[in-house]
Amino acid sequence: MQKKPRFSIIVPVYNTEKYLKRCLDSISKQSFTDYEVIIINDGSTDNSSNIISKYPYKVINQENQGLSMARNNGVKVSSGDYLIFLDSDDYIEKDLLKEINESLFNNPDLVRFQIKEVFDNKDYINYKEEPFENKDGVEAFKLITKYHFVENAWAYAIKREYYLKEKFSFKKGTYHEDFGLIPLVIIKSKVVNSIDYLGYCYYQRDGSIMNSSDYAKTEKKVKDFYDHYLYLVKEINKTKLDKTYFMSFISNSLILKITELEGKDYKEALNRLKKDKVFDNLLDDNLGRKIKKTLVKLSPKLYYRR
5 MQKKPRFSII
15 VPVYNTEKYL
25 KRCLDSISKQ
35 SFTDYEVIII
45 NDGSTDNSSN
55 IISKYPYKVI
65 NQENQGLSMA
75 RNNGVKVSSG
85 DYLIFLDSDD
95 YIEKDLLKEI
105 NESLFNNPDL
115 VRFQIKEVFD
125 NKDYINYKEE
135 PFENKDGVEA
145 FKLITKYHFV
155 ENAWAYAIKR
165 EYYLKEKFSF
175 KKGTYHEDFG
185 LIPLVIIKSK
195 VVNSIDYLGY
205 CYYQRDGSIM
215 NSSDYAKTEK
225 KVKDFYDHYL
235 YLVKEINKTK
245 LDKTYFMSFI
255 SNSLILKITE
265 LEGKDYKEAL
275 NRLKKDKVFD
285 NLLDDNLGRK
295 IKKTLVKLSP
305 KLYYRR
């Protein structure tokens with residue numbers, strides 16, 4: 005019987021010909037080589053298919069279904085011990101898999117690694133965090149939410165057995181699909197490690213999904229975000245976990261998100277937040293948080309856009 009690879013790297017691709025070679029080359033150059041690569045060509049109409057054909061990786065060709073379904077379909081055919089999601093316009097440093105592998109001594113459900121944000125002008129920002137190991141999901145959530153990129157799927161290696169057992173999946177046809185899943189992946193974990201290796205290069209490109217300034221898209225993003233919030237609330241309430249920090253984080257994220265709306269759309273969203281008692285979930289266990297909670301309830305836009 006063929007041995008399972010240590011890692012399954014899942015790479016959804018949709019019209020990223022300009023960045024795809026850099027992404028796939030960064031996998032090929034890994035110093036740790038016990039991995040499989042699953043590329044989901046999500047109906048690309050540019051030269052991406054031709055670029056993909058030059059690499060000896062498993063490829064799923066499908067009609068365009070969006071990022072969520074591309075990832076979900078990649079998971080279905082994966083066989084590695086740990087899942088890593090890599091966006092095709094991003095890339096990874098050569099020792100990322102080696103560093104993650106060395107952190108698996110305690111069989112964690114989740115390993116977090118560090119992010120480098122890179123830009124067209126070759127500037128970059130390193131986001132360094134204090135590493136930790138052997139934390140349960142609740143404690144890990146408290147630590148991780150102090151930093152950037154909390155809910156981004158590509159910031160973690162996730163034990164495949166755990167992922168499948170919990171029946172995790174990304175919601176189809178939505179923006180912010182990571183927000184609708186990864187907070188649960190973190191908090192439901194039994195063992196979480198975080199390493200200090202800056203291994204993932206998050207590329208900021210103009211015209212990407214998250215950088216679009218189209219107001220119709222903004223409305224859709226806020227609606228999807230609210231739907232994800234309601235799903236997270238429903239799911240966390242099924243557990244017996246301490247959900248204090250979890251609820252504060254997802255509520256704070258939602259309140260911030262609605263500030264992207266304008267005029268009556270913003271007012272309607274604000275009223276809905278009050279009706280759903282979202283503000284009540286914000287932490288107020290010290291003076292600074294009490295003040296913040298009061299100010300945010302008075303005017304989210306004034307607080308977050310000052």
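Each residue of the sequence shown is one higher than the last, beginning at 5 in the working numbering. Idealized CB from N, CA, C, for every residue including glycine.
Those runs of the alpha helix (DSSP H) which lie wholly inside the region 198-271 and span at least 4 residues: 219-240 and 248-262
Inter-residue spacing [alpha-carbon to alpha-carbon] between serine 57 and alanine 74: 18 Å
Span of the alpha helix (DSSP H), counted from its first residue to its last, around aspartate 46: Aspartate 46 -> not in any alpha helix (DSSP H); beta strand (DSSP E) instead, spanning 39-46.
First and last residue of the uninterrupted beta strand (DSSP E) at proline 187: No beta strand (DSSP E) contains proline 187, which is instead part of the alpha helix (DSSP H) from 186-191.
Proximity to glutamate 2 [Cα-Cα], best of His180, Leu100 and Gly203: This structure gives no information on residue 2, because the portion of the chain shown stretches from 5 to 310.
Test item: CB-CB of cysteine 27 and valine 122 under 7 Å: no
N-terminal and C-terminal residue of the alpha helix (DSSP H) that glutamate 165 is part of: Its alpha helix (DSSP H) spans residues 164-169.
Contact between the region 111-125 and the region 31-43 (3+ Cβ pairs under 8 Å): no
Buried or exposed (CB count within 10 angstroms, at least 16 for buried), phenylalanine 3: Outside the displayed span of the chain (5 to 310) sits residue 3, for which this structure offers no information.
Arginine 75, enclosing alpha helix (DSSP H) - first and last residue: 71-80
Nearest neighbour of isoleucine 88, chosen from Tyr39, Glu67, Tyr61 and Val282 [CA to CA]: Checked all of Tyr39, Glu67, Tyr61 and Val282; the closest Cα to isoleucine 88 is Tyr39.
Of the listed residues Arg293, Ser30 and Leu168, nearest to tyrosine 249 (C-alpha basis): With distances taken between Cα atoms, tyrosine 249 lies closest to Arg293.
Per-residue burial, glutamate 155 [other beta carbons within 10 Å of its own, 16 or more giving buried]: buried
When Lys247, Tyr166 and Asp269 are compared against alanine 220, the one with the closest alpha-carbon: Asp269
Beta-carbon proximity check, glycine 184 vs tyrosine 151, cutoff 7 Å: With a cutoff of 7 Å on beta-carbon distance, glycine 184 and tyrosine 151 are scored as not near each other.
Endpoints, alpha helix (DSSP H) assigned at arginine 26: Note, arginine 26: alpha helix (DSSP H), 21-32.
Residue nearest to valine 15 in terms of C-alpha spacing, selected from Asp280, Lys8, Asn51 and Val63: Val63
C-alpha gap between arginine 164 and lysine 139, whole angstroms: 19 Å
DSSP three-state assignment for leucine 306, whether helix, strand or coil: Three-state DSSP puts leucine 306 in a helix.
Neighbour-count burial assignment, isoleucine 254, 16 or more Cβ in a 10 Å radius: buried
Endpoints, beta strand (DSSP E) assigned at glutamate 121: Looking at the DSSP string, the run of the beta strand (DSSP E) that includes glutamate 121 is 114-123.
Glutamate 143 in three-state terms, based on DSSP: The three-state secondary structure of glutamate 143, taken from DSSP, is helix.
DSSP three-state assignment for serine 12, whether helix, strand or coil: strand
Identity of the residue in Leu90, Leu274 and Ile190 nearest arginine 227 by Cα: The amino acid at residue 227 is misidentified as arginine; the sequence shows lysine. With distances taken between Cα atoms, lysine 227 lies closest to Leu274.
Sequence-distant residues of the same chain with beta carbon closer than 7 Å to valine 282, five excluded per side: Hits under 7 Å: Ser255, Leu258 and Ile259.
For leucine 101, the first and last residue of its enclosing alpha helix (DSSP H): Per DSSP, leucine 101 belongs to the alpha helix (DSSP H) from 100-106.
Separation of valine 142 from aspartate 317, as counted between CA atoms: With the chain running from 5 to 310 in the structure shown, residue 317 is simply not present.
Pick from Ile96, Phe136, Asn125 and Val79 that is closest to lysine 169, judged by C-alpha positions: The candidate whose alpha carbon is nearest that of lysine 169 is Val79.
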